[in-house]
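The opening residue of the sequence shown carries number 116 in this note's numbering; numbering runs sequentially from there.
Only one structure is covered here, and it is reproduced in the block below.
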Amino acid sequence: MDTASPLDRWALDPAVVHLNHGSFGGCLRTVLDAATAIRARMEAAPMKFFVLEWQDELDRARTDLAAFVGTTAEHLVFVPGATTGVALALAAIELAAGDEVVPTSPVYPACRYQLARLAEARGAKLVFVDVPLPFDPDALIERIAAAITSRTKLALLDHITSPTALVYPLARLIPLFSARSIPVIVDGAHAPGQLPLSLDALGATYYVGNNHKWLCGPKASGFLVARAPLRPLVTSHGANPAYGPTNRLHAELDWSGSYDPAPQLAVPIAIAAVGIEGGGWPAVYARNHALALALRERLGGTLLAPDSSIGTMAALPLELPAGVTPHQLERRLLAEGWEVPIVDFPGQPLVRVSAHLYNTIDQADALGRKLHELGAKVC
Numbered sequence: 116m117d118t119a120s121p122l123d124r125w126a127l128d129p130a131v132v133h134l135n136h137g138s139f140g141g142c143l144r145t146v147l148d149a150a151t152a153i154r155a156r157m158e159a160a161p162m163k164f165f166v167l168e169w170q171d172e173l174d175r176a177r178t179d180l181a182a183f184v185g186t187t188a189e190h191l192v193f194v195p196g197a198t199t200g201v202a203l204a205l206a207a208i209e210l211a212a213g214d215e216v217v218p219t220s221p222v223y224p225a226c227r228y229q230l231a232r233l234a235e236a237r238g239a240k241l242v243f244v245d246v247p248l249p250f251d252p253d254a255l256i257e258r259i260a261a262a263i264t265s266r267t268k269l270a271l272l273d274h275i276t277s278p279t280a281l282v283y284p285l286a287r288l289i290p291l292f293s294a295r296s297i298p299v300i301v302d303g304a305h306a307p308g309q310l311p312l313s314l315d316a317l318g319a320t321y322y323v324g325n326n327h328k329w330l331c332g333p334k335a336s337g338f339l340v341a342r343a344p345l346r347p348l349v350t351s352h353g354a355n356p357a358y359g360p361t362n363r364l365h366a367e368l369d370w371s372g373s374y375d376p377a378p379q380l381a382v383p384i385a386i387a388a389v390g391i392e393g394g395g396w397p398a399v400y401a402r403n404h405a406l407a408l409a410l411r412e413r414l415g416g417t418l419l420a421p422d423s424s425i426g427t428m429a430a431l432p433l434e435l436p437a438g439v440t441p442h443q444l445e446r447r448l449l450a451e452g453w454e455v456p457i458v459d460f461p462g463q464p465l466v467r468v469s470a471h472l473y474n475t476i477d478q479a480d481a482l483g484r485k486l487h488e489l490g491a492k493v494c
């Protein structure tokens, strides 16, 4: 009899219920082993590694990742994560007093704070577009179109919102801005590995993503695809035109000082390993999307978005016990071996569940029972 657990090939603790792949990801053991081998090779002969090997290996990893997300390597740079990528993109934007920036209300907190600081420094105005629940993608397009004025100089849009797990119709949203020559930054932190991507066709000015989430790479690896100039946040050797790659984007941003490149170099290994684990990436997308919908249906409650606006995460409204905050309930779940985010969304607490290859439908029933035990319920 086959007694194998879905977690057997993953580095995740089998004693914990893992329903939060979206926040921090999770790695197959083979991927971590590969990253460890890269790191050991670097530490064994650091000068040889960085002088003779690193750039070529980084370029190969970049080429593989670019192909996976539907772009070319010339436009792609690695970054530690999506938040750093957004910071790089924002640093390249010229804003003056009175200019307007259009984000939406569920924008990731780190991006919200970056926007607020930039607006304060430049005297610009943030025009937040409210995204009420339940989600209507057609209404979102109308609201964003109505927010664009002659003073709009930038849009920052999510591909998949973090608190509410909504997939935005970017193919319809980006042209609203590009038709007016307004740059668009897309925070795609959750998208790579959750949705098939064709970034060249999408046409965002700047697109940032994470490799450690749904691609299941080691932590501290993201990417930025730039179709306009960037200003490095750290001035390093690439400031010298005679240094390094002929591609100036790569020369100025690949190297900011000695670092651990193993998470970046292991990205192609993670892409291949997850594809093998799931029977090919089309099967991974289909299986995880279907499971997210099934988890949502099994947990019950009000549907907050149409199926087409769900990737491989789903958020559901939650009724909390009297006197208990979302933060307190989440910490209680963590203490009892449950990794699932309880979102303090304005006006309606949410529970957000993730579906990856190690998750199963019976976890929805178990979560429902656990929430009931703690005095909470999906509503």
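A virtual CB, placed ideally from N, CA and C, is assigned to each residue, including glycine.
Review point. If LEU368 sits next to PRO347, beta carbons under 8 Å apart, how far is it from one beta carbon to the other, in whole angstroms?
Key: 6 Å
Practice item. Quick one: using the 10 Å Cβ neighbour count with 16 as the cut-off for buried, is PHE183 buried or exposed? Key: buried
Review point. Between the C-alpha atoms of LEU419 and LEU465, what's the straight-line distance to the nearest angstrom?
Key: 10 Å
Point to revise | Collapsed DSSP secondary structure at TYR228 in the structure displayed | key: helix
**Study point:** Pairwise C-alpha distance: THR320 and ILE384
**Key:** 28 Å
Review point. To the nearest angstrom, how far is it from the Cα of ALA261 to the Cα of ALA212?
Key: 21 Å
**Study point:** Entirely enclosed alpha helix (DSSP H) segments - the region 345–425, minimum 4 residues
**Key:** 363–368, 377–380, 382–393, 396–414
Practice item. Check the DSSP bridge columns for PHE193 and list the partner residues they point to. Key: PHE338
**Study point:** CA nearest to the CA of LEU272, picked from PRO218, PRO311, ILE256, LEU241
**Key:** PRO218
Review point. How far does the alpha helix (DSSP H) with GLY275 in it reach, from first residue to last?
Key: It is worth fixing the name first, because residue 275 is Ile in this sequence and not Gly. From DSSP, ILE275 is part of no alpha helix (DSSP H); its letter is neither H nor E.
Exercise for review: Let me know if HIS136 comes out buried or exposed under the rule of 16 or more other beta-carbons within 10 Å of its beta-carbon.
Suggested key: buried
Check your understanding: Does the region 185–195 come close enough to the region 307–314 to have 3 or more Cβ pairs within less than 8 Å?
Key -> yes
Review point. By the 10 Å Cβ neighbour count, where 16 or more other Cβ atoms means buried, how is GLN379 classified, buried or exposed?
Key: buried
Review point. Around the C-beta of THR198, are 16 or more other C-beta atoms found within 10 angstroms, so that it is buried, or is it exposed?
Key: buried
Point to revise | Pick from PRO221, ALA437, GLY308, LEU288 that is closest to LEU281, judged by C-alpha positions | key: PRO221
Practice item. Look up PRO161 in the DSSP assignment and say whether it is helix, strand or coil. Key: helix
**Study point:** VAL244 to GLU158 span [Cα, whole Å]
**Key:** 49 Å
Review point. So ALA429 is in the beta strand (DSSP E); what residue range does that whole segment cover?
Key: 428–434
Check your understanding: Assuming LEU285 and ILE256 make a contact with CB atoms under 8 Å, what is their CB distance in whole Å?
Key -> Contact flag wrong, Cβ pair sits at about 11 Å.
Review point. Rounded to a whole number of angstroms, what is the C-alpha to C-alpha distance between ALA398 and SER469?
Key: 17 Å
Check your understanding: Is the beta carbon of ALA231 sitting closer than 8 Å to the one on ALA381?
Key -> no
Check your understanding: Just curious, the beta strand (DSSP E) that ASP477 is in, first and last residue?
Key -> No beta strand (DSSP E) holds ASP477; the alpha helix (DSSP H) holding it covers 477–488.
Review point. Secondary structure at TRP329, three-state DSSP: helix, strand or coil?
Key: coil
Practice item. Flag ARG175 as yes if its beta-carbon sits less than 8 Å from any beta-carbon of chain D, otherwise no. Key: The chain labelled as chain D is not found in the depicted structure, where only one protein chain is given.
Practice item. Assign GLU392 to buried or exposed, taking buried as 16 or more other Cβ atoms, counted over all protein chains shown, within 10 Å of its Cβ. Key: buried
Check your understanding: From GLY390 to PRO333, what does the alpha carbon distance come to, in whole angstroms?
Key -> 16 Å
Review point. Taking C-alpha atoms, which residue in ILE259, ASP174, LEU431 lies nearest to HIS190?
Key: ASP174
Practice item. Assign VAL184 to one of three DSSP states: helix, strand, or coil. Key: helix
Check your understanding: Skipping 5 residues on each side, what residues in its chain have a beta carbon closer than 8 Å to that of VAL131?
Key -> GLY452, TRP453, GLU454
Exercise for review: Might you give, ordered along the chain, the residues of its own chain that have their beta carbon closer than 6 Å to the beta carbon of TYR322, omitting 5 neighbours on each side?
Suggested key: VAL301, GLY303, LEU314, VAL340
Review point. By a C-beta neighbour count over all protein chains shown, 10 Å radius and 16 as the cutoff for buried, is VAL299 buried or exposed?
Key: buried
Review point. Taking all protein chains shown into account, do 16 or more other C-beta atoms lie within 10 angstroms of the C-beta of ASP276, making it buried, or fewer, making it exposed?
Key: The sequence shown places Thr at residue 276, rather than the Asp named in the question. Classification for THR276: buried.
Review point. From what residue to what residue does the alpha helix (DSSP H) around GLU445 run?
Key: 441–450
Point to revise | Where ASP148 sits in the DSSP three-state scheme | key: helix
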